[in-house]
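Heads up: the structure comes next, in structure tokens.
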Amino acid sequence: MADELVEPIKPEEAKRLILQILKSGTVTYSRHAKEEILADNMTTLDCENVLRGGVVLPGEYENGSWRYKVETDRMAVVICFRSKTQLVLVTAWRKKK
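In this note's numbering, the protein residues as written are 150 to 246.
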């Protein structure tokens, strides 16, 4: 199946995939992510900017799926891929100074 991902994927490959999904795929937000975004006074645009400009760390297997942390100096998000065209933002936070 062409849409199937074999994980874990390397950070640089994850970054390419994230950028492709932001351009023409689907980004969804878990309930937890929505709560954390609000709690840290962030927006979904902030999260997408972190995905666009942040550094992807190696995947970690947690709760039955591979999770990838993406971070900038100020914010971090954790995502998991559902396919090559869809990702789910699992959580997000603003880094403390």
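A virtual CB, placed ideally from N, CA and C, is assigned to each residue, including glycine. Note that the structure is predicted; figures quoted are calculated from it, not measured.
Exposed or buried, what is residue i when buried is set at 16 or more other beta-carbons lying within 10 Å of its beta-carbon?
| i | result |
| --- | --- |
| residue 163 | buried |
| residue 240 | buried |
| residue 216 | buried |
| residue 178 | buried |
How long is the line joining the alpha carbons of residue i and residue j, rounded to whole angstroms?
| i | j | result |
| --- | --- | --- |
| residue 157 | residue 207 | 8 Å |
| residue 186 | residue 193 | 7 Å |
| residue 182 | residue 238 | 6 Å |
| residue 236 | residue 184 | 18 Å |
Kindly list the residues whose CB is nearer than 7 Å to the CB of residue i, restricted to its own chain and excluding five residues on each side of it in sequence; keep chain order.
| i | result |
| --- | --- |
| residue 221 | 199, 202 and 203 |
| residue 218 | 206, 225 and 227 |
| residue 195 | 224 |
By Cβ distance, which residues of its chain are closer than 8 Å to residue i, with the 5 residues on each side in sequence left out?
| i | result |
| --- | --- |
| residue 190 | 243 |
| residue 161 | 205 |
In the region 180-238, which residue ranges form an unbroken alpha helix (DSSP H) of at least 4 residues, counting only runs that do not cross its ends? Those alpha helix (DSSP H) runs which fall completely within the region 180-238 and span 4+ residues are 180-188 and 193-202.
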